[in-house]
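Undergrad: Residue numbers (my numbering), protein chains in the order written: chain A, 9 to 366; chain B, 2 to 333.
Cβ coordinates follow ideal geometry from the N, Cα and C atoms, glycine included.
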């Protein structure tokens, strides 16, 4: 991310806010998210459920329910995406940018043959005839590694396994050669054995076609090795963003650190204990004016409770929103004072062994 | 599939037996069928006359009358107990003999052949009207769920559902036939075009309340379907909203409507009794009213059986429609 991209970003998001009015109050699902995505790059957006990552994706694709209140700027190739959506511009979504959803069991229409579902996009956007579109659908299925593609086009979704269905969804998304693909947890709902195949397939297709990709996942392991840049979201905010290498090996935000500690690693010793993150993600209705992660953070100091920390630095650089970043002197000092007190400023007990040493 | 069809046919036969047996018994319990055939002559004490026990002023006439009564008894097997008569009636039925009407000695099959087409045209048109109104109406209501149009249509549909057929029929007749004279006020049969045109108002009378209930069902199902991932996927593919509605969301949302479509045919036939009276259509509905009033039970039974048949066959077609609507049903 820090390397000098010569051109303007393909997708640029600035200060995106999404609120949902509900009976219990306003849910602040996304609170000021900004990022840039350059042509041919992959950005991974990582976070727990409820962190706002899927809502961000849906906002980009204009898929939010009508009740959602959105503010901020989304620019695609110099064009304001939200204005395009409002003007009902044809042949933008699906052609320029498109999306793959989490659950292949539900994202295909159960009453239409898979071939028709792929062909439909080609016919609408590219004006192909029925037979041309079906032929292309077979080719697309072949590209995504579907066995016997010519037979598959005549099948219904329920005749295919989850992994095969997700290949259909991917073929469908790729039909019009989009420049940007948003993959929202594309492998969460399929078997672990299929996950890697699908992720590698997506990565390969992205490279072959020079696509850009936003890979949304709750699993940092998925992002590792596949993303150029990573944005970690928590409670509707980006709390840390950097190029993948920096983020994985020189992270600053305690949440990023905690996420990495909570996933198993293949080179961990057997019976190594994972460190779960204590507590739960915060409520998004009327959040208190403090660092949202503070109640779960072993570094938390009293100043963490005095306001929401701003993301440091400029878009495109390594940015983090933390007053006592891990791997810095301030962080070390915060950690040792909490250890000594046995409790953080937010009241989380800290023991010598648990939590994880910086 | 073959097994399925066989099961359906068995069901059809069972339903027909039950319906005709109940109908047959009911008609016989309601009164002595002999009275309906020969009128007051049924009260003649023919056995007494024959044995010379009863004085009769005009012996010739009386014995002639007794011959008539005996002929009627013979023709309708009235000397047999009800179950036997039922079996005999079924036997005739199987050989294609529906019996003759008590009223005018017309074969029942001829009565049905004359009256059925009118009613079939009426019912078909009513269903076309109801679906033709309900589908766009439901789609728009679901697309703009909880907005002004949807709220308005909720009120309108409950209004339509609570207006009885005859009231709606009379209002339509007054406004569109008498006041503005858009449609003819009564049945015309000069040619098929005129016939169909004169059936528009009756069909609307029957179809509109049905459209209201279809619309409610379709709206609810569509709102559910519109929250499905595959609809989001279709939007992410950049397809325009109307296309998504009709190509993606409509078909999986038709189940309730199709189910009620099958069941509502019974209600429609009931409604056609009233509507055929109002608009003077010489159809099955009017025929059955007359036949019931006159205890013309061969006609009543034939029509009841016809209705039952239609009902079972239509619901069979509805089942086939399910598997067209959702390929997953086919797999089962």
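For the alpha helix (DSSP H) containing residue 39/A, name the first residue and the last one.
TA: For this step, residue 39/A is matched to residue 31 along the first chain. Here residue 39/A belongs to no alpha helix (DSSP H); instead the beta strand (DSSP E) covers 33-45.
Undergrad: Between residue 315/B and residue 15/B, what straight-line distance do the alpha-carbon atoms span, to the nearest angstrom?
TA: As a working note, residue 315/B is residue 314 in the second chain. As a working note, residue 15/B is residue 14 in the second chain. Distance between the alpha carbons of residue 315/B and residue 15/B: 16 Å.
Undergrad: Considering only DSSP beta bridges, list what residue 107/A is partnered with.
TA: On the first chain, residue 107/A is found 99 positions in, with the first residue counted as 1. 190/A.
Undergrad: How far does the beta strand (DSSP E) with residue 80/A in it reach, from first residue to last?
TA: The residue labelled residue 80/A in the question sits at position 72 within the first chain. Element bounds for residue 80/A: 77-84.
Undergrad: Are the C-beta of residue 132/A and some C-beta of chain B separated by less than 7 Å?
TA: Taking the first chain and counting its residues from 1, the one referred to as residue 132/A is at position 124. Yes, residue 132/A lies at the interface with chain B (some Cβ there is under 7 Å from its Cβ).
Undergrad: Determine, using beta carbons only, whether residue 26/A and residue 93/A come nearer to each other than 7 Å.
TA: Numbered from its first residue, the first chain carries residue 26/A at position 18. Numbered from its first residue, the first chain carries residue 93/A at position 85. Cβ atoms of residue 26/A and residue 93/A: not closer than 7 Å.
Undergrad: With DSSP as the reference, label residue 320/A as helix, strand or coil.
TA: Here residue 320/A corresponds to residue number 312 of the first chain, with the count starting at 1. Coil at residue 320/A, not helix or strand.
Undergrad: Under a CB-based cut-off of 7 Å, is residue 1/B close to chain A?
TA: Only positions 2 to 333 of chain B appear in the structure, and residue 1/B is not among them; the question remains open.
Undergrad: On the three-pair Cβ rule with 8 Å, is the region 106-119 of chain A touching the region 316-332 of chain B?
TA: Output reads yes: the region 316-332 of chain B touches the region 106-119 of chain A.
Undergrad: From what residue to what residue does the alpha helix (DSSP H) around residue 177/B run?
TA: For the purposes of this step, residue 177/B is taken as residue 176 along the second chain, with counting starting at 1. From DSSP, residue 177/B is part of no alpha helix (DSSP H); its letter is neither H nor E.
Undergrad: I'd like to confirm the pairing. Which residues does DSSP put opposite residue 357/A in its beta bridges?
TA: Stepping through the first chain from its first residue, residue 357/A is reached at position 349. DSSP lists 351/A as partners of residue 357/A.
Undergrad: From the DSSP output, read off the bridge partner residues of residue 20/A.
TA: On the first chain, residue 20/A is found 12 positions in, with the first residue counted as 1. Looking at the DSSP assignment, residue 20/A forms a beta bridge with 44/A, 83/A.
Undergrad: DSSP state of residue 362/A, grouped into three classes?
TA: Here residue 362/A corresponds to residue number 354 of the first chain, with the count starting at 1. Confidence in residue 362/A is poor, its pLDDT being 45 and thus under 50, which makes the residue's placement unreliable; the coordinate value appears in the next sentence. Three-state DSSP puts residue 362/A in coil, outside helix and strand.
Undergrad: Looking only at its chain, what residues have a beta carbon closer than 7 Å to the beta carbon of residue 261/B, apart from the 5 residues adjacent to it on each side?
TA: Within the second chain, the letter at position 260 stands for residue 261/B. Here the set comprises 214, 215, 218.
Undergrad: Let me know the secondary structure DSSP gives residue 242/A once reduced to three states.
TA: Translated into the one-based positions of the first chain, residue 242/A becomes position 234. DSSP places residue 242/A in strand when its eight states are reduced to three.
Undergrad: Give me the subset of the region 67-86 of chain A whose CB atoms are less than 7 Å from a CB atom of chain B, sorted by chain position.
TA: Within the region 67-86 of chain A, the qualifying residues are 69, 71.
Undergrad: Rounded to the nearest angstrom, how far is the Cβ of residue 80/B from that of residue 74/B, given a contact under 8 Å?
TA: As a first step, residue 80/B must be located in the second chain, where it is residue number 79. As a first step, residue 74/B must be located in the second chain, where it is residue number 73. That belief holds up - the Cβ atoms of residue 80/B and residue 74/B are roughly 5 Å apart, short of 8 Å.
Undergrad: Look up residue 328/A in the DSSP assignment and give the residues it is bridged to.
TA: Within the first chain, numbered from 1, the residue matching residue 328/A stands at position 320. The partner list for residue 328/A (beta bridge, DSSP) reads 248/A.
Undergrad: For my contact list, residue 80/A and residue 131/A are in at a C-beta cut-off of 8 Å; report their separation, rounded to the angstrom.
TA: As a first step, residue 80/A is located in the first chain; it is residue number 72 there, counting from the start. As a first step, residue 131/A is located in the first chain; it is residue number 123 there, counting from the start. Not quite, the Cβ-Cβ distance comes to about 34 Å (not below 8 Å), so this is no contact.
Undergrad: Looking at the structure shown, is residue 340/A part of a helix, part of a strand, or coil, going by DSSP?
TA: In the first chain, counting from the first residue as 1, residue 340/A sits at position 332. In the structure shown, residue 340/A sits in a helix (DSSP, three-state: H, G or I).
Undergrad: For the region 217-251 of chain B, which residues have a CB atom closer than 8 Å to at least one CB atom of chain A, in sequence order?
TA: From the region 217-251 of chain B, only 229, 230, 231, 233, 234, 235, 236, 237, 238, 239, 240, 241, 244, 248, 249 have a Cβ closer than 8 Å to chain A.
Undergrad: Look up residue 136/B in the DSSP assignment and say whether it is helix, strand or coil.
TA: Here residue 136/B is taken as the residue at index 135 of the second chain, counted from 1. Residue 136/B: helix per DSSP, three-state reduction.
Undergrad: In three-state terms, what does DSSP make of residue 10/A?
TA: Against the first chain, residue 10/A aligns to sequence position 2. At residue 10/A, the pLDDT of 46 sits below 50, so the modelled position is not reliable; the number obtained from the coordinates is stated separately. Residue state, collapsed to three classes: coil.
Undergrad: To the nearest whole angstrom, what separates the beta carbons of residue 151/B and residue 142/B, a pair I think is in contact under 8 Å?
TA: On the second chain, position 150 is the one that residue 151/B refers to. On the second chain, position 141 is the one that residue 142/B refers to. Contact holds; Cβ gap of about 5 Å.
Undergrad: Which residues share a DSSP beta bridge with residue 101/A?
TA: Mapped onto the first chain, residue 101/A falls at position 93. For residue 101/A, which the question treats as bridged, DSSP gives the partners 105/A.
Undergrad: Figure out for me which residue from 269/A, 72/A, 114/A, 214/A has the closest Cα to the Cα of residue 281/A.
TA: Here the question's residue 281/A lines up with position 273 in the first chain. Closest by alpha carbon: 269/A.
Undergrad: Taking only beta carbons into account, state which residues of the region 108-127 of chain A come closer than 7 Å to chain B, listed in chain order.
TA: Those would be 109, 111, 114, 115, 116, 117, 118, 119, in chain order.
Undergrad: Closer than 7 Å between beta carbons: that is the criterion. Which residues of the region 139-170 of chain B meet it against chain A?
TA: Of all residues in the region 139-170 of chain B, none has a Cβ within less than 7 Å of some Cβ in chain A.
Undergrad: Spell out whether any CB of chain A is found under 7 Å from the CB atom of residue 34/B.
TA: Position 33 of the second chain, counted from the start, is the residue given in the question as residue 34/B. Closer than 7 Å: no.
Undergrad: Indicate whether at least one CB of chain B lies closer than 7 Å to the CB of residue 166/A.
TA: Stepping through the first chain from its first residue, residue 166/A is reached at position 158. Closer than 7 Å: yes.
Undergrad: Give me whichever residues DSSP pairs with residue 220/A in a beta bridge.
TA: Taking the first residue of the first chain as position 1, residue 220/A is located at position 212. Beta-bridge pairing links residue 220/A to 188/A.
Undergrad: Can you find the residues in the same chain that come closer than 8 Å, C-beta to C-beta, to residue 15/A, ignoring five residues on each side of it along the sequence?
TA: The count along the first chain starts at 1 and reaches residue 15/A at position 7. So the list reads 46, 47, once near-sequence residues are dropped.
Undergrad: Along chain B, which residues have their Cβ under 7 Å away from the Cβ of residue 180/A?
TA: Locating residue 180/A in the first chain gives position 172, counting from the first residue. What residue 180/A touches in chain B: 238.
Undergrad: Would the beta-carbon of residue 220/A fall within 7 Å of that of residue 172/A?
TA: Residue mapping note: residue 220/A aligns to position 212 of the first chain, counting from 1. Residue mapping note: residue 172/A aligns to position 164 of the first chain, counting from 1. Cβ distance not < 7 Å, so residue 220/A and residue 172/A don't count as in contact.
Undergrad: The beta strand (DSSP E) that contains residue 54/A, what's its start and end?
TA: In the first chain, counting from the first residue as 1, residue 54/A sits at position 46. Here the beta strand (DSSP E) through residue 54/A covers 50-54.
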